[in-house]
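Protein chains in written order, with the working numbering: chain G, -16 to 339; chain Y, 83 to 331. For glycine and all other residues, C-beta sits at the position ideal for the given N, C-alpha and C. Predicted model, so just to flag it, every value in this text is computed and none were measured. Below is one structure, written out as structure tokens; the observations come after it.
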């Protein structure tokens, strides 16, 4: 049963299984295990980034294609929901149409970029995606009438997903294990279930014959061609699929935040974050995305607090409080990345599986 | 320059190469290669290192493009076809570097190689008989196989489906003698099934045992074509065409 849900791609390592199981349980029960606005927000971001990073891994880890336009696709999905929710009014229909339109547009754009550049060499694809992504980011910030420019768009999601919506008053007195039963809780599970479905779909794709051909192409594209596979078709298909899933992750993000803006969904920093999450978790395995995204988002959200506490503990010592000051958290984040790449060149998953 | 031309079915060869020139970057590797591969049997492509044997195979499969000349496969001009299309016409290619997919299992490698559908179980049984380690390591990652086992996998991938022509580049290179005889036996099986094989081989003993006809290249051109038996039995001819070093291999 579990094997078929995971498409036969089991973690193949006891520690890895335990870690992944732990992440899954924490995310599935986040509102109950860690009640609090900030903690639940972090959990929702982790869910969304797992999908986003996994969709990037589909491209980089399985297809061997480097793209810098992944945030653009993410942004297209997010703006899709924002625009339909703004213009059609709040509602699940607006979310559905916005997500579908975003995913379709992202796939179409990926098809266009792919057909133009993947025929030649993968490096041209990287350069073209960089150019297109920058152009789109500029366009979004300039077309302020449509996109809200740098300020972005704030919009309303269906009432059922808002904090003001309450349910279960008669049966549970509005609370379950002390947690308020409101729309925010529903919004979290909307994100969680959406992310789980997308993740399982990707797992199915990479373990399908299509995924095997992609892996073969990554390892030796000439050999795959001389067996009879049109490498360019497979690469373009992978690009489109990855773009569409990134867009859907963007839609989930928009639903969760009820806001989109260039900095949140289109920035180059976000692109670099995605790359780091893939590398830290381990390329060529979707479970790497789970671990990479969890570690990264947790570090982003809690390293500052942790360091603040640590600097308080060593307040009497020389220099150390300065180094551990909460303001230096980015420095330490950088150190952590360098160390993780140095010690886990194949990512956390590669290390735990002990393959190479 | 040819002493004799041997073409058993001159009217209908499986592969005919006429005046092919192939450049790699600024190097003119093939300079007017002519080659006829008859239907059925093993055609040897021999010659010293660096004379263009591998480039000839790669020009056939379309990895390198022939700049001039024509390559006719089963009567069809494939000179400008993309590689996947050439492969799907029925050419199985075993490259010199084996090109196995190391991250995939032996099974996955084989499933990928069977492009036209599910694996034929009778054919798989034959492959398991020829190369028992593939059965043992069926579920293992191909990257964990030994060099000889990787070569077996590489050849098995080409043999998993019946192809009209097999291009095999130095299958015994760097292998232990015991594995070389396994290889030779498998190639002999393939030959006995009536397949057409174009084989590049430096091991002269293997070449002599398997080859029906032979073609010798030097400096990007075909310098001799004839019966393998004729070349195999004439030490002076071997020395003239390929230097003495061949016998030492």
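Neighbours of residue 196(G) in chain Y, taken as residues at a C-beta separation under 7 Å, are given in chain order as 194.
Per the coordinates, the alpha-carbon of residue 311(G) lies some 42 Å from the alpha-carbon of residue 79(G). Beta-bridge analysis with DSSP links residue 97(Y) to 119(Y) and 155(Y).
Residue 257(Y) is positioned such that its CB atom lies no closer than 8 Å to that of residue 188(Y). Below 8 Å, too few C-beta pairs join the stretch 186 to 204 of chain G and the stretch 151 to 163 of chain Y to call them touching: fewer than three. Residue 224(Y) and residue 217(Y) have their C-alpha atoms roughly 12 Å apart. By alpha-carbon distance to residue 242(Y), the top candidate from 211(Y), 281(Y) and 259(Y) is 211(Y).
Ranked by Cα distance from residue 281(G), the first of 27(G), 217(G), 246(G) and 117(G) is 27(G).
Those residues of the stretch 94 to 120 of chain G placed with their C-beta closer than 7 Å to a C-beta in chain Y do not exist.
When DSSP states are grouped into helix, strand and coil, residue 274(G) belongs to the helix group. Unbroken beta strand (DSSP E) runs of no fewer than 3 residues, entirely contained in the stretch 135 to 163 of chain G, are not found. The beta carbons of residue 32(G) and residue 276(G) sit about 4 Å from each other, so the pair counts as a contact at 8 Å. If you look at residue 2(G), you'll find it isn't in any beta strand (DSSP E); it sits in the alpha helix (DSSP H) that goes -3 to 11. With fewer than 16 other beta carbons inside 10 angstroms of its own, residue 275(Y) counts as exposed. Per the DSSP secondary-structure output, residue 127(Y) pairs in a beta bridge with 282(Y) and 297(Y). Beyond the five residues adjoining it in sequence on each side, residue 299(Y) comes within less than 8 Å, by CB distance, of 115, 127, 128, 129, 133, 134, 135, 138 and 305 in the same chain, given in chain order. Counted as a single uninterrupted DSSP element, the beta strand (DSSP E) harbouring residue 308(Y) occupies residues 303 to 309. Within the same chain, and ignoring the five residues on either side of residue 243(G) in sequence, the residues whose Cβ sits closer than 7 Å to its Cβ are 61, 62, 65, 135, 136 and 237. Interface annotation, residue 199(G): in contact with chain Y, CB-CB separation under 8 Å. In this chain, residue 250(Y) is not harboured by any alpha helix (DSSP H); it is covered by the beta strand (DSSP E) spanning 247 to 251. When the Cα atoms are used, residue 303(G) and residue 148(G) turn out to be separated by approximately 48 Å. Contact between the stretch 121 to 129 of chain G and the stretch 100 to 111 of chain G is absent: fewer than three C-beta pairs spanning the two stretches fall below 8 Å.
Only residues of its own chain outside the window of five on either side were considered, and among them none has a CB closer than 6 Å to the CB of residue 179(G). For residue 218(G), the closest of 73(G), 241(G) and 98(G) by C-alpha to C-alpha distance is 98(G). Distances from the CA of residue 192(Y) to each of 226(Y), 107(Y) and 237(Y) were compared; the closest alpha carbon is that of 237(Y). Among the residues facing chain Y, residue 212(G) is included, as its CB has a counterpart in that chain under 8 Å away. Sequence-distant Cβ neighbours of residue 305(G) in its own chain, meaning closer than 6 Å and more than five residues away, do not exist here. Within chain G, no residue has its beta carbon less than 7 Å from that of residue 102(Y); the closest one is some 18 Å off.
Assigned with DSSP and collapsed to three states, residue 150(Y) falls in strand. Sequence-distant partners of residue 187(G) (beyond 5 residues in either direction) whose C-beta falls short of 6 Å from its own C-beta, in its chain, are -10. Residue 29(G) holds the alpha-carbon nearest to the alpha-carbon of residue 7(G) among -5(G), 29(G) and -13(G).
Residue 226(Y) sits exposed, since fewer than 16 C-beta atoms from the chains shown fall within 10 Å of its C-beta.
For residue 156(Y), no chain G residue has a C-beta closer than 7 Å to its own C-beta; the minimum C-beta separation is roughly 16 Å.
Of all alpha-carbon atoms in 309(G), 173(G) and 203(G), the one lying nearest the alpha-carbon of residue 11(G) is that of 173(G). The way I'd put it, the stretch 278 to 297 of chain G does touch the stretch 309 to 325 of chain G; three or more beta-carbon pairs between them come closer than 8 Å. Using a C-beta cut-off of 8 Å, the stretch 99 to 116 of chain Y makes no contact with the stretch 246 to 265 of chain Y, since fewer than three inter-stretch Cβ pairs fall below that distance.
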